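K.L.:
Encoded as structure tokens, here's the structure I'll be asking about.
Chains as they are written, first to last, in this note's numbering: chain A, 33 to 247; chain B, 10 to 289; chain C, 30 to 432; chain D, 7 to 224.
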């Protein structure tokens, strides 16, 4: 029951979804949509587990007065605020003009956008460290990055505008993107395709079952 | 520790400061720079330019405010182009935030003096279908029936009551699909479903991160062209002869690139200097 | 004075008379400019489309009829003024035809997806040049019905079967005890060192299984690797923590770790709190994990699974606290950042090969060999295709296309 | 300088600075923003799933099913019966929740197995087609231009690198090495290409701080 039934479910469901690709006849044709909807429903249930875990850990911290317990109060308060207003607003919670939208736009969004924007700094420090001509591979990496970086901005144009058309920085960057870059990209993609085909097969056949745990 | 050794282990906060200044300072100056155009952007521009007036264009907004700096200028210049060519525009989103982004872009463009005189009407010249959950499955459903995928528009009106949507049942009735994407679901899904399965003509605007991944799909059958990041947006503005935000931002963009490149060069110089010292 | 006034009146009148006289010409020429009414022959409607045929759209789920026609002689030739085609439908051959869709000029087919299975429909195509119309003859009746097998996908079926067969064949061979060679994957060789280092330093290990849910193959691959890492950690008695961003991943990761700890003979060392949920949000999760990194200063960090933009936020912060970082992802856009900021990176397919590599389970190793056979098939196809096409013998590209 | 009078803009601005303060080092200001972010975003996702999945997908579909049954009885068509099937989705979700009770928690594996099985089946076909076969089709090019030759050679050698069961030695190793170079070009180029994207995000934030919030940019 603990091990066999899940493996059976996995095999049946997986095999069905492969077959469905070749069978346009209903109800098979709708199976994929249906299963993906079911997945969303399962995820909507599952999030309770995560939320409870987060709240439990935060409350624990507060009651045991572990270091940083004050910030755990902030976590709980932020969560409660959004959930309370979100439930109160109803299914139109996301529309412009609602209270929820105000919270989203003034609290959630700046946090999210800034965390995202931090990447601009990290990409600078990462390229400073990583792009050094240590060996052949690193040099190739460095040169490709260098040309594309320059080719995508006007400086590259100004630096090489004396060259005939087709040989300027922008053209070089484009040539790199369209040929060798794409070739490498394809190799990676085809490799991934094979890796996924094989892993899927192992899962459907029950050879790969780590994700289910043991007895 | 010598100068070069110290340079190699430079505190990253120094790099951070340079980048911050490089980005912030140009905002205070209004400089527009020359922008070269590339064939991927021209591909989309000319595809739209060659559509006959009245043709229907579907724009899917598959991003959220996080990617606004890059994608919103693309949305705006594309919308302006469509309206100035008298194309009918159908907007939608595979991301919950998409339709809002669409409305923001509409708001800007419809108030543009050149477009305002056309007195465009909702439901006749453009329509916002809103968001439907289901990611790529939505595209698949649209392939068989758009009215089933989106029974009502953003404002809850039945699609059957919207004049623009009456003859539009699936991708056969749409002359061009344009997808603005910041991840999943996005261009990859539009290629796999709309282009591969239903043979829609597809163009895309992507964040610069995502754009290289889409290069393998370029070609008549999958993607007619792609706008990559702010440079792509600026190119489109230049092609449409309406330089706007993206072109203005390109200055800061350029300076910050220069800073990164400068540090890469410094890093390499220091690296070789220290290596020589070690060898000798 | 009077005379001169008279003259003016006369002039005005004669001007008005002239205007009146020429007004039809004026009106017509304006109209001409507007509607091109006076172009010879343009009062004629465009030639009607011919050969209208309707049939059940093949290999589909039903509820769809395809209509083909031959375009009007004035479309792209002749008067060349066709604006578009309108598709009309009726359930009786001489019944009332209703407009069901339009296409632009030049089009020759339309797919009607608004039909019910088993009902006969007739179609007529109306061509328009913006002013006048012509109607085609009705099509023969067509009925839609669903099909059982999509024969257009036969090629894909063949490839799927071939790959499956290759993989199964080598799995069986491996089970039978045949030794298989697997090349070294540097990132995976480093797992033991990284865990050992954490033990020596008495610091934690963080394992980040990506930010996608269980509906992503990379997450599942990441969890499989977690199983091996957890086992090593349990053996070394290092403290391993797994902050996650999806609840279902939390559930699965706990199962995986529990099993790994008991396999290592230390079930008591496992505690559910080692796996905890932070938030589903991409950047909220990145912010929290960054906080964990700088406060806990882990000795080793594993980043294995599906990552998006947060990849570099995590990897740079991990790098700044001096942790050994082993990353792996099949998200092509994020591989460069891991290469830049991590010590070891599993690239694309290597992520999926990792579980076989680490476990040394013959069945899994066999499937790796099967994958390689898939590569041989694909490489052979590329070589053959390129040669045939370069010498203009034939194009085998369509063998790989999707129907 | 005309700072915004809107308190919301001020909150947004202060939170922006709080996150940026992490770049200098960990500090209480960042810790506060981080904690707020975690709480708020967990709430946001919870609410979003509740209103966009739980209510419409689960309750909505079952509602439709009950409604059609009451109006049409057993005369309803096949597609109407499909709405009932969402009950299974609900049951699988419920089994997941049972994880809270240690004694019967193992039953949640059934839901897990369903999800993983679905993923395996779907990925098998989709990646085989879109990542595998379609890319092969595109690589079959006539060797009539330098670009095409690079594409074919690069894809070929790149794929050689991914061979696991053969040692990268001799001629084979040479090809694999060329493959690595191509991969390095790919990664370098996409890195360089991305720099722009990241900088534009920062431009957006800086525009917010200096333009919208502090009103220093006209």
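Backbone N, C-alpha and C fix where the C-beta goes; we use that ideal spot for every residue, glycine too.
Keep in mind that this is a model prediction, so the values were computed, not measured.
Assign residue 153/B to buried or exposed, taking buried as 16 or more other Cβ atoms, counted over all protein chains shown, within 10 Å of its Cβ.
P.N.:
Its Cβ being crowded by 16 or more others within 10 Å, residue 153/B is buried.
K.L.:
Using a Cβ cut-off of 8 Å, pull out every chain D residue sitting near residue 36/B, in sequence order please.
P.N.:
Correct list: 209, 212, 213, 216, 217 and 223.
K.L.:
Cβ-heavy atom distance between residue 142/B and the ligand NAP below 8 Å?
P.N.:
This structure simply doesn't include the ligand NAP, nor any ligand for that matter.
K.L.:
Per DSSP, residue 69/B is paired with what?
P.N.:
In DSSP, residue 69/B forms a bridge with 101/B and 188/B.
K.L.:
Closer than 6 Å by C-beta to residue 90/C: which residues in its own chain qualify, once you throw out the five before and the five after it? Chain order, please.
P.N.:
So the list reads 175, once near-sequence residues are dropped.
K.L.:
By the 10 Å Cβ neighbour count, where 16 or more other Cβ atoms means buried, how is residue 180/C classified, buried or exposed?
P.N.:
With fewer than 16 other Cβ atoms within 10 Å, it is exposed.
K.L.:
Do residue 90/A and residue 107/A have their C-beta atoms closer together than 9 Å?
P.N.:
Yes, these two residues count as a Cβ contact at 9 Å.
K.L.:
List, in chain order, every chain A residue whose beta-carbon is nearer than 8 Å to that of residue 194/B.
P.N.:
Residues of chain A passing the Cβ test: none, with the nearest at roughly 11 Å.
K.L.:
Give every residue of the same chain whose Cβ lies closer than 6 Å to the Cβ of residue 184/B, excluding the five residues on either side of it in the sequence, and list them in chain order.
P.N.:
Only 60, 64 and 65 meet the Cβ criterion.
K.L.:
If the cut-off is 9 Å on Cβ atoms, which residues from the stretch 193-227 of chain A count as contacting chain D, listed in chain order?
P.N.:
So the close ones are 205, 207, 208, 209, 210, 211, 212, 213, 214, 215, 216, 217, 218, 219, 220, 221, 222, 223, 224, 225, 226 and 227.
K.L.:
Just to make sure I have the definition right: I need the residues of chain D whose C-beta is within less than 7 Å of the C-beta of residue 77/B. Which are they?
P.N.:
The contacting residues are 210.
K.L.:
What does the alpha-carbon distance come out to for the pair residue 173/D and residue 218/A?
P.N.:
Computed Cα separation, rounded: 22 Å.
K.L.:
When you compare each of 22/B, 134/B and 258/B to residue 67/B by their alpha carbons, which one comes out closest?
P.N.:
Per the Cα distances, 134/B.
K.L.:
Indicate the three-state DSSP secondary structure (helix, strand or coil) for residue 194/A in the structure shown.
P.N.:
Three-state result, residue 194/A: coil.
K.L.:
Decide if residue 30/C is buried, meaning its Cβ has at least 16 other Cβ atoms within 10 Å, or exposed.
P.N.:
The pLDDT assigned to residue 30/C is 45, lower than 50, so where the model puts this residue is not dependable, and the model offers no usable value.
K.L.:
Based on Cα-Cα distance, which residue from 235/B, 140/B and 97/B lies nearest to residue 62/B?
P.N.:
The shortest Cα separation from residue 62/B among 235/B, 140/B and 97/B belongs to 97/B.
K.L.:
Closer than 8 Å by C-beta to residue 413/C: which residues in its own chain qualify, once you throw out the five before and the five after it? Chain order, please.
P.N.:
For residue 413/C, where only same-chain residues beyond five positions count, the Cβ hits under 8 Å are 425.
K.L.:
Tell me the DSSP secondary structure of residue 155/C in three-state form.
P.N.:
Looking at residue 155/C - three-state DSSP - the assignment turns out to be strand.
K.L.:
For the stretch 147-167 of chain C, list every residue whose C-beta sits within 8 Å of some C-beta in chain B, in sequence order.
P.N.:
Those residues of the stretch 147-167 of chain C that come within reach of chain B (Cβ to Cβ, closer than 8 Å) do not exist; the list is empty.
K.L.:
Could you name the residues of the stretch 183-201 of chain D whose beta carbon sits closer than 7 Å to any beta carbon of chain B, in the order they occur along the chain?
P.N.:
Listed by position along the chain: 195, 196, 199, 200 and 201.
K.L.:
Mapping DSSP to helix, strand and coil, what is residue 326/C?
P.N.:
In the structure shown, residue 326/C sits in coil (DSSP, three-state: anything other than H, G, I, E or B).
K.L.:
For residue 101/B, count neighbouring C-beta atoms within 10 Å of its own C-beta (all shown protein chains included) and say buried if the count is 16 or more, exposed if not.
P.N.:
Residue 101/B is buried by the Cβ-count criterion.
K.L.:
Would residue 41/B be called buried (16 or more neighbouring beta carbons within 10 Å of its own) or exposed?
P.N.:
Result: exposed.
K.L.:
Rounded to whole angstroms, what's the CA-CA distance from residue 27/B to residue 75/A? Just pull it up for me.
P.N.:
Whole-angstrom Cα-Cα distance: 43 Å.
K.L.:
Hey, out of 316/C, 308/C and 349/C, whose CA is closest to residue 327/C's CA?
P.N.:
Comparing Cα-Cα distances from residue 327/C to each of 316/C, 308/C and 349/C, the minimum goes to 349/C.
K.L.:
Note down, in chain order, each residue of its chain lying with its Cβ closer than 6 Å to the Cβ of residue 74/B, except the 5 sequence neighbours on either side.
P.N.:
Cβ neighbours of residue 74/B beyond the five flanking positions: none.
K.L.:
With a CB to CB cut of under 6 Å and the five nearest residues on each side skipped, what residues in its chain are close to residue 40/D?
P.N.:
Hits under 6 Å: none found.
K.L.:
Excluding the 5 residues preceding and the 5 following residue 276/C in the sequence, name in chain order all residues of the same chain whose CB lies nearer than 7 Å to its CB.
P.N.:
If we look at residue 276/C and ignore the five residues flanking it on each side, its Cβ neighbours are 306.
K.L.:
Between which residues of its own chain and residue 244/C is the CB-CB distance below 6 Å, once the five residues before and five after are set aside?
P.N.:
For residue 244/C, where only same-chain residues beyond five positions count, there are no Cβ hits under 6 Å.
K.L.:
Answer yes if the stretch 45-60 of chain B comes into contact with the stretch 223-234 of chain B, meaning at least three C-beta pairs across the two stretches below 8 Å, and no otherwise.
P.N.:
The answer is yes - the stretch 45-60 of chain B touches the stretch 223-234 of chain B, with three or more Cβ pairs under 8 Å.
K.L.:
Work out the CA separation of residue 110/C and residue 68/C for me, nearest whole Å.
P.N.:
Caution applies to residue 68/C, whose pLDDT of 48 falls short of 50 and renders its modelled position unreliable; the model cannot decide the point.
K.L.:
According to DSSP, is residue 199/A helix, strand or coil?
P.N.:
The answer is coil: DSSP assigns residue 199/A none of H, G, I, E or B.
K.L.:
Any residues in the stretch 178-191 of chain C with a beta carbon nearer than 9 Å to a beta carbon of chain B? Which ones, in chain order?
P.N.:
So nothing in the stretch comes that close.
K.L.:
Can you tell me the Cβ-Cβ gap for residue 135/C and residue 112/C, rounded? I've got them flagged as a contact below 8 Å.
P.N.:
Actually they are not in contact, since the Cβ atoms of residue 135/C and residue 112/C sit about 11 Å apart, beyond 8 Å.
K.L.:
Could you pull the start and end residues of the alpha helix (DSSP H) that residue 173/D belongs to?
P.N.:
Where residue 173/D is concerned, there is no enclosing alpha helix (DSSP H), given that its DSSP letter is neither H nor E.
K.L.:
Taking its Cβ as the centre, do 16 or more other Cβ atoms sit within 10 Å of residue 228/A, making it buried, or is it exposed?
P.N.:
The residue is buried, with at least 16 neighbouring Cβ atoms inside 10 Å.
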